[in-house]
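By the UniProt record's numbering, the letter at position 122 of the sequence shown is numbered 122, and the numbering carries on one by one without gaps.
Ideal Cβ positions, reconstructed from N, Cα and C, are used throughout, including at glycine.
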Amino acid sequence: MRFYYFVRLLFGNDLLSTTVLQVLNLYLHHLCIERRNATIYGFLDPVIIQSVGNKSEEVQKYLIEMFEKVGKEVYLAPYLHKGHWQLLVIVPDRSLVVLLCSLHKKANTLSIKNILEASLEAHSRLQGVPSVFRKNMQIITPNCRRQLSRYECGYYVLKHIHTIICTNITESWNKIFNDSSPMEDTDIEDIRRN
Numbered sequence: 001m002r003f004y005y006f007v008r009l010l011f012g013n014d015l016l017s018t019t020v021l022q023v024l025n026l027y028l029h030h031l032c033i034e035r036r037n038a039t040i041y042g043f044l045d046p047v048i049i050q051s052v053g054n055k056s057e058e059v060q061k062y063l064i065e066m067f068e069k070v071g072k073e074v075y076l077a078p079y080l081h082k083g084h085w086q087l088l089v090i091v092p093d094r095s096l097v098v099l100l101c102s103l104h105k106k107a108n109t110l111s112i113k114n115i116l117e118a119s120l121e122a123h124s125r126l127q128g129v130p131s132v133f134r135k136n137m138q139i140i141t142p143n144c145r146r147q148l149s150r151y152e153c154g155y156y157v158l159k160h161i162h163t164i165i166c167t168n169i170t171e172s173w174n175k176i177f178n179d180s181s182p183m184e185d186t187d188i189e190d191i192r193r194n
């Protein structure tokens, strides 16, 4: 499936919209099916997890339902925080959140942090993990690529998702994401074309 004309029409040099990321999430899910790893990766709707316009209880309920009903090992969640796209990689059974931010923002700036913590705690409880064995949520921030311009963050998120799917990664995030150099313009053009 090629999105070249669609992407050109909608993107230009602007920040990627939530709707475009939703559509591209469908494409990436299709890529998971092709690569036979769709049982590993789940995709969270970027509209539902945003704090703008959503109550924290609704976001938490959505996350818990996804963790319980969909049952994937890793969830990929493009997250728009103060006009900047970041990728949250959530591994519920390990109470792990991987924050991939092209501006290298720290995890303590995440407004969704408390919601994630409560959702992962509820997931552990629903899985029957006794409270003494429940892990506290851990957030790691690997040294991922750093953007140079103002609009590129959505492209970095898409590139990170593509890298995760193509490497079949579920752990050792710091080994895969260990380069802070910016993406080349040709990389961004490739994302637009494919």
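Just grab the DSSP bridge partners of I90 for me.
Y75 and V97
Let me know the secondary structure DSSP gives H162 once reduced to three states.
helix
Confirm, please, whether the CB-CB distance from L96 to F43 is below 9 angstroms.
no
Please state the DSSP three-state secondary structure of Q50.
Three-state result, Q50: coil.
Alpha carbon to alpha carbon, how far is S149 from residue 223? Give it in angstroms, no decimals.
Residue 223 cannot be examined here, being either before or after the span of the chain that is shown, 1 to 194.
With a 10 Å radius around its C-beta and 16 neighbouring C-beta atoms as the bar for buried, classify K82 as buried or exposed.
If you draw a 10 Å sphere on the C-beta of K82, you find fewer than 16 other C-beta atoms in it, and that means exposed.
Within this structure, are the beta carbons of V74 and V59 separated by less than 9 angstroms?
no
Just mark I33 as buried or exposed, buried being the case when its beta carbon has 16 or more other beta carbons within 10 Å.
exposed
Does the pairing of the region 107–117 with the region 162–169 give three or more beta-carbon distances under 8 angstroms?
Taking a cut-off of 8 angstroms on C-beta distances, the region 107–117 does not touch the region 162–169, as fewer than three cross pairs fall below it.
Within 10 angstroms of its Cβ, does K159 collect 16 or more other Cβ (buried), or is it exposed?
Buried: at least 16 other Cβ atoms inside 10 Å.
Pull up the distance between the alpha-carbon of I48 and that of V98, whole angstroms please.
19 angstroms
Does the Cβ-Cβ distance between Y155 and I188 come in under 9 angstroms?
yes
In terms of alpha-carbon separation, which member of R35, L80 and E117 lies closest to E152?
L80
If you check the beta carbons only, do T141 and H104 fall under 9 angstroms apart?
yes
Here's the rule: buried if 16 or more other CB atoms are within 10 angstroms of the residue's CB, otherwise exposed. What is H30?
exposed
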